[in-house]
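Data first, discussion second: the structure below is written as structure tokens.
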Amino acid sequence: IAPHASGQNALRRFLEYTDLNKYFYKILSDGLARYKAIYYVNNTYISCTEVNFKYSDKFYNMIQNNVGIVRLVRDPISTIKSVVTTFRPFKDKKNQINNFSNLNEIFSQIKFGLGGLDKPNVNDTGKFINDTFSQHTFMKPEGSYIGYLCLKYLKFNKIIYVDFEELNPEMSYKTILKLSNIFNFKINKPSNFFNQRVYGALTLIFPLELIYNYFNKDINFLITSRFQFMHLPDSHIKNRIYNLNSILGVNQTLDIYVNKEDYKYIQTINIKDIKKYFKFFLDCLHNTLDKLEKLKLSEKDILSFLIQRQEYRLKLKEILDKELQIIKEHRPDIVASWKYYQEFEQMCKELDDDIQEKDFVN
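Numbering of the sequence shown is given in the working numbering, commencing with residue 555 and proceeding in unit increments.
What follows is the structure, given as structure tokens:
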């Protein structure tokens, strides 16, 4: 059970490095299409990420008895922060540049939210809670808080809770190793493959194709974020399989590739100017990333909004009381570790007590 904004992209990516078969579906697929997609495939994991698609109740009810469940969970206030602050690619994103392109313009194609905002708007918190933020499932409460609905349909013999923090680069391999022992699947990649951030500004900016003109000779570079290369189709790679990171002195943030012909050519020339360009490239990139990070909302911003807006605070509490009922019973330690949710609960208690006291006085 992998709600949106809970680390589902990371878990799916890491499970690709195992012997499990990924069940992939289009977000608009109905229950019948999803059922047909997995019927003839063995050793499959099913990602339950939505509950509002057509025939969803029948789809979940037809999943066999005695399944094991991994339930991704996250501090609910952090979930809201991610939804209203999520990075989105610009509508007409450029995938090819040259060494004369305006890099600041290229990197600034990253926007916030589905509206393509230059900076996130804390008022979208209310729209999200009130289910008016977007028509897209992953921008709705029912896309982020789905655990109680899925468990209502599913039959299972065990449920393992994985907190969002357990999928961070520092902990992800240990987490997948634990799951492999519990559910008896094999890991096919070394531990360093799990030390990656699966979704973020870098994965939206890249891959980029750079046509670098060097004395009237075009060198065709493929630039990807770390680990992104292995997930690109052959039609995108175009035989550019020779890594130039060590030659160009590029750090581990990006990977740079060329084809065999360009690789041989680079070894015959003075690459001082090319290295200088990539230093400039990385400086522009990191400046853009720093600016984007400073624009992002924090959990404190979400809580401040909820303090001021009682109607949204009460509605969110109603949603979360239902969503978190089972985990509070079975894994209270995880709930206790959610700093911002605990602050939200305390806020609700104090403000509700204050309201009741005023009503009593009046």
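We treat Cβ as the ideally placed atom computed from N, Cα and C, and that holds for glycine.
Beta-carbon within less than 6 angstroms of residue 692's beta-carbon, same chain only, minus the 5 sequence neighbours each way: which residues are those?
The residue you call residue 692 lines up with position 138 of the sequence shown. With a pLDDT of only 49 at residue 692, under 50, the local geometry of the prediction cannot be trusted, and no value is derived from it.
Same chain, Cβ closer than 7 angstroms to residue 894, five either side skipped, listed in chain order:
In the sequence shown, the residue the question calls residue 894 occupies position 340. Excluding five sequence positions before and after residue 894, the CB atoms of its chain that fall closer than 7 angstroms to its own CB belong to 629, 631, 632, 853, 857, given in chain order.
At 4 residues or longer, what runs of the alpha helix (DSSP H) sit wholly inside the stretch 567 to 642?
You should have 585 to 593, 610 to 615, 630 to 639.
According to the neighbour-count rule (16 or more other Cβ atoms, all chains shown, within 10 Å of its Cβ), is residue 635 buried or exposed?
Locating residue 635 in the sequence shown gives position 81, counting from the first residue. Buried, since its Cβ has 16 or more Cβ neighbours within 10 Å.
Backbone CA spacing between residue 671 and residue 783 [nearest angstrom]
As a first step, residue 671 must be located in the sequence shown, where it is residue number 117. As a first step, residue 783 must be located in the sequence shown, where it is residue number 229. Between the alpha carbons of residue 671 and residue 783 lies a distance of about 29 angstroms.
With a 10 Å radius around its C-beta and 16 neighbouring C-beta atoms as the bar for buried, classify residue 914 as buried or exposed.
Position 360 of the sequence shown, counting from 1, holds the residue named residue 914. For residue 914, the predicted structure reports a pLDDT of 46, less than 50, and the residue's modelled location is therefore unreliable. A value from the coordinates is still provided. It counts as exposed.
Could you pull out every residue in the same chain whose Cβ sits closer than 8 angstroms to the Cβ of residue 834, ignoring the five residues on either side in sequence?
Numbered from 1 along the sequence shown, position 280 holds the residue referred to as residue 834. Hits under 8 angstroms: 657.
Return the bridge partner residues of residue 812 from the DSSP annotation.
On the sequence shown, position 258 is the one that residue 812 refers to. Per DSSP, the beta bridge partners of residue 812 are 796.
Neighbourhood of residue 564 by C-beta, 6 angstroms cutoff - its chain only, sequence neighbours within 5 removed
As a position in the sequence shown, residue 564 is number 10, starting the count at 1. So the qualifying residues of the chain are 721, 752.
Secondary structure of residue 760, DSSP reduced to three states:
Within the sequence shown, numbered from 1, the residue matching residue 760 stands at position 206. If DSSP states are grouped into helix, strand and coil, residue 760 belongs with coil.
Identify the continuous beta strand (DSSP E) that holds residue 773 and give its terminal residues.
Counting from 1 along the sequence shown, the entry for residue 773 is found at position 219. Here the beta strand (DSSP E) through residue 773 covers 771 to 779.
Give the secondary structure of residue 717 by DSSP, where H, G and I count as helix, E and B as strand, and everything else as coil.
If you number the sequence shown from 1, residue 717 lands on position 163. Residue 717: strand per DSSP, three-state reduction.
Alpha carbon to alpha carbon, how far is residue 832 from residue 861?
Position 278 of the sequence shown, counted from the first residue, corresponds to residue 832. Position 307 of the sequence shown, counted from the first residue, corresponds to residue 861. Their backbone Cα atoms lie some 47 angstroms apart in a straight line.
With H, G and I counted as helix, E and B as strand and the rest as coil, what does DSSP make of residue 666?
Your numbering for residue 666 matches position 112 in the sequence shown. If DSSP states are grouped into helix, strand and coil, residue 666 belongs with the strands.
Where does the unbroken beta strand (DSSP E) through residue 652 begin, and where does it stop?
Within the sequence shown, the letter at position 98 stands for residue 652. Residue range 650 to 652 is occupied by the beta strand (DSSP E) that includes residue 652.
Is the beta carbon of residue 714 sitting closer than 7 angstroms to the one on residue 624?
As a first step, residue 714 must be located in the sequence shown, where it is residue number 160. As a first step, residue 624 must be located in the sequence shown, where it is residue number 70. Cβ distance < 7 angstroms, so residue 714 and residue 624 count as in contact.
Simplified DSSP assignment, three categories, for residue 851:
Taking the sequence shown and counting its residues from 1, one reaches residue 851 at position 297. Residue 851: coil per DSSP, three-state reduction.
For residue 753, the three-state DSSP class (helix, strand or coil):
Numbered from its first residue, the sequence shown carries residue 753 at position 199. Residue 753 carries a coil assignment under DSSP once its states are collapsed to helix, strand and coil.
Which runs of the alpha helix (DSSP H) at least 4 residues long sit entirely within the stretch 859 to 895? Give them in chain order.
Fully enclosed alpha helix (DSSP H) runs of 4 or longer: 864 to 877, 879 to 884, 886 to 891.
Going by beta-carbon coordinates alone, are residue 839 and residue 639 separated by less than 7 angstroms?
Sequence index remark: in the sequence shown, residue 839 carries index 285 (1-based). Sequence index remark: in the sequence shown, residue 639 carries index 85 (1-based). Result no, Cβ atoms of residue 839 and residue 639 do not sit closer than 7 angstroms.
May I ask you to list the residues that DSSP assigns as paired with residue 905?
On the sequence shown, residue 905 is found 351 positions in, with the first residue counted as 1. Per DSSP, residue 905 has no beta-bridge partner at all.
Applying the 10 Å Cβ sphere with the 16-neighbour rule, what's the burial state of residue 653?
Here residue 653 is taken as the residue at index 99 of the sequence shown, counted from 1. Looking at its Cβ environment, which holds 16 or more other Cβ atoms inside 10 Å, residue 653 is buried.
With DSSP collapsed to three states, give me the class of residue 739.
Your numbering for residue 739 matches position 185 in the sequence shown. DSSP, read as helix, strand or coil, puts residue 739 in coil.
Is the Cβ-Cβ distance between residue 606 and residue 707 less than 7 angstroms?
Position 52 of the sequence shown, counted from the first residue, corresponds to residue 606. Position 153 of the sequence shown, counted from the first residue, corresponds to residue 707. Taking 7 angstroms as the Cβ cut-off, residue 606 and residue 707 do not qualify as a contacting pair.
Assuming residue 701 and residue 877 are in contact, meaning their beta carbons sit under 8 angstroms apart, how far apart are those beta carbons, in whole angstroms?
The residue given as residue 701 occupies position 147 in the sequence shown. The residue given as residue 877 occupies position 323 in the sequence shown. About 6 angstroms separates the beta carbon of residue 701 from that of residue 877, a gap short enough to meet the 8 angstroms contact definition.
Residues sharing a beta bridge with residue 767, DSSP:
Looking up residue 767 in the sequence shown gives position 213. 772, per the DSSP bridge assignment.
Residues in the same chain with beta-carbon distance under 8 angstroms from residue 550, minus the five sequence neighbours each way, listed in chain order, please.
No answer is possible for residue 550: it lies beyond the span of the chain, which begins at 555 and ends at 916.
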